[in-house]
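Heads up: the structure comes next, in structure tokens.
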Amino acid sequence: MKKFSVVIAGGGSTFTPGIVMMLLDNLDRFPIRKLKLYDNDGERQGILGDALEILLKENAPEIEFLHTTDPEEAFTDTDFCMAHIRVGKYAMREQDEKIPLKYGVVGQETCGPGGIAYGMRSISGMLEIIDYMEKYSPECWMLNYSNPAAIVAEACRVLRPEAKVLNICDMPVGTLRRMSQIVGKTPADLEVRYFGLNHFGWWTSVKDKEGHEYLDEIKSYVAENGYLTQVEVDTQHMDESWQATHKKAKDLLAVNPRYLPNTYLKYYLFPDYEVEHSDSSYSRANEVMDGREKTVFDAARKITERGTAKDSGFHIDSHASFIVDLARAIAFNTHERMLMIVENNGAIANFPDDAMVEVPCIVGSDGPEPLSQGKIPDFERTLMFQQVMVEKMVVEAYVEKSYLKLWQALTLSKTVPSAGVAKALLDDLIEANRGFWPELK
Ligand code: NAD
Ligand code: G6P
Ligand code: MN
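Everything in the sequence shown is counted per our numbering, starting at 710 for the first residue and increasing by one.
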């Protein structure tokens, strides 16, 4: 079987060790000859890189491993780039969450003003790594889960339409695991129909391979419990604040009992509730810095100190195995069915062709082929149209360096109560994002 060369961009990510462990666990399905980490923060990445070097020597010495901040070294001779960069790192995530909360507005990594601010930062970083990839390995595919994926995907559509970039999200995969547990199946047993935008969508069908429909059974469960399940199903999405999110799906279903909701809809349908239940002095970024980031980096330092990765404290990120499935789909033309963020072009019949939507696709060596989801009802379509216009206007604002467009984008977000609040927020966000955003006129 062919062996592949993989670069992880954003090598200093809290998710890097879990993904490396997951890749090692899947070598029989997706053989690797070379594994590289690339980050523009060599110090941060080095902590993980040094530890992973020890781990690889002990577990897969045949794989050539390196970590680098040199784009040429990182992107030369690579078949796949798995990208998860966070432009501005956790310090800026904290700002994205806390600045909106000052105005009584949802403070979230990817939704509302925080997501817009993050989007304005991410576009440049993403273009930079796409260009490196195309320069040094034109045949390489990028499997991108850098956020905010909706805005990043729209920016790719507009600014790098020919690039081999596939934008994906793990939330539907994580929620499907919960659904599979609710009905006593495995995720692999289930096939879904789904439509929406990234972090903004609904399941319209969840069937097993024999064609039995579980939608009503899952709805009955969710109406009582949300997506909260008893057994640990996930390596991620387990903190208390995530449990509250899974539970809140109960209220999302109540307001729209037709379909099963993506958990992220809570920020648009219950923004007042979310603000009330947020702590403006200790947001999710703080939880992650004190939790996942600390655990992962402490474990890495310990490995390096001890010189061995035995009992390392690194865990296989099993929820991320969909990244292997996607890489395999491209590499071996498996025609796997997966949710992807793609240009609509009729997949949702009554939605704009040029919208980036999240729908099931068949993925093979030429990339994703979206599956038709038919026409969608007005309630969902209206919400989606408002949101997709926010995403499009953010990218327009970035391209045109337009203050007015970004003000309008913020005003259009369902999370923002007025143009006045939008303007005050924008002025604050501009201050906080100096050096990261293009200068707006
Ligand atoms: P993190 O801050 O721990 O890691 C991100 C790394 O990216 C940092 O080491 C940083 O130095 C690096 N980086 C920033 N700008 C860069 C650039 N221009 N070039 C190269 N490297 C750069 O963040 P994390 O919490 O581990 O998350 C990583 C990313 O993955 C985030 O964007 C997050 O939102 C995303 N994510 C997405 C999904 C999804 O469903 N799509 C799921 C989980 C995480
Ligand atoms: C889910 C979403 C990601 C998001 C992540 C945040 O997995 O799909 O897009 O980045 O949650 O999780 P965190 O634990 O960092 O708050
Ligand atoms: Mn996501």
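Glycine residues also receive a C-beta, built at the ideal position from the N, C-alpha and C atoms.
Between the Cα of I838 and the Cα atoms of C790, L733, Y1112 and P857, which residue gives the shortest distance? Nearest C-alpha to I838 among C790, L733, Y1112 and P857: C790.
Three or more C-beta pairs below 8 Å linking the stretch 898–909 and the stretch 1076–1092: With contact defined as three or more Cβ pairs closer than 8 Å, the stretch 898–909 and the stretch 1076–1092 are in contact.
Short Cβ contact (9 Å threshold) for E1045 with I1071: yes
Contact under 9 Å by Cβ, H955 with T944: no
So does C820 have its beta carbon nearer than 8 Å to some heavy atom of the ligand G6P? no
In terms of alpha-carbon separation, which member of H793, D788, S714 and G1000 lies closest to E949? Here the closest residue by C-alpha is G1000.
Rounded to the nearest angstrom, what separates G758 and L852 at their Cα positions? Each residue's alpha carbon lies about 21 Å from the other.
So E1067 packs on L1092, CB below 8 Å; how close in whole Å? That pair is no contact at about 14 Å.
Quick one: Cα of I1050 to Cα of A859, how far? 8 Å
Rounded C-beta distance between C865 and N856? I'm assuming under 8 Å. Rounded, the Cβ-Cβ distance is 13 Å, inconsistent with contact.
Helix, strand or coil at G719 [DSSP, three-state]: coil
At what residues does the beta strand (DSSP E) containing N956 begin and finish? What sits at residue 956 in the sequence shown is Lys, not Asn. Unbroken run through K956 is the alpha helix (DSSP H), E949 to V964; no beta strand (DSSP E).
Exposed unless 16 or more other CB atoms sit within 10 angstroms - verdict on E806: buried
Say yes only if the C-beta of Q1096 is nearer than 8 Å to one or more non-hydrogen atoms of the ligand G6P, and no if none qualify. no
Would the beta-carbon of V997 fall within 9 Å of that of M731? Contact flag unset, no.
Can Y976 be considered in contact with the ligand MN, in the sense that its beta carbon sits closer than 8 Å to one or more heavy atoms? Here the distance from the Cβ of Y976 to the nearest heavy atom of the ligand MN is not below 8 Å.
Would you say Y854 touches the ligand MN, meaning its beta carbon is less than 8 Å from a heavy atom? yes
Three-state class that DSSP yields for L1080 in the structure shown: coil
Jot down the residue ranges of each uninterrupted beta strand (DSSP E) in the stretch 786–815, minimum 3 residues, whole runs only, in chain order. Here the runs fully enclosed are 789–792.
beta-carbon V729 near the ligand NAD non-hydrogen atom, thresh 8 Å: No; taking the cut-off as 8 Å, the Cβ of V729 has no heavy atom of the ligand NAD nearer than that.
According to DSSP, residues forming a beta bridge with V1068: M1049
Specify the secondary structure class of E941 as computed by DSSP and reduced to three states. The answer is coil: DSSP assigns E941 none of H, G, I, E or B.
What do you get for V964, buried or exposed, if any count of 16 or more other CB atoms within 10 angstroms of its CB means buried? exposed
Per DSSP, cross-strand counterpart(s) of N749: N749 is not bridged to any residue.
Tell me which same chain residues have a C-beta within less than 6 Å of the C-beta of S722, skipping the five on either side of it? H793
Got a sec: does the ligand MN put a non-hydrogen atom nearer than 8 Å to the Cβ of A858? yes
Best match in S1030, N749, D750 and K745 for proximity to E762 [C-alpha to C-alpha]: K745
Beta carbon shell of the ligand MN at less than 5 Å from a heavy atom: Taking each Cβ in turn, the ones that pass are C878 and M880.
Measuring CA to CA, which of S929, S889 and G1016 is closest to E941? Checked all of S929, S889 and G1016; the closest Cα to E941 is S889.
Would you mind stating whether Y936 and T972 have Cβ atoms separated by less than 9 Å? yes
Find the nearest neighbour of V1103 within the set L978, V814, V861 and N735, judged by alpha-carbon distance. V861
Considering only their Cβ atoms, is the gap separating A1008 from S1021 smaller than 9 Å? yes
For the ligand NAD, is there any heavy atom lying closer than 8 Å to the beta carbon of S914? Not under cutoff, so the answer is no.
Among the candidates R830, L899, M842 and E933, whose CA atom is the shortest distance from the CA of H921? L899
Once the 5 residues before and after D1137 are set aside, which same chain residues still bring their CB inside 7 Å of it? I808
On the DSSP bridge list, what partners appear for W1116? W1116 is not bridged to any residue.
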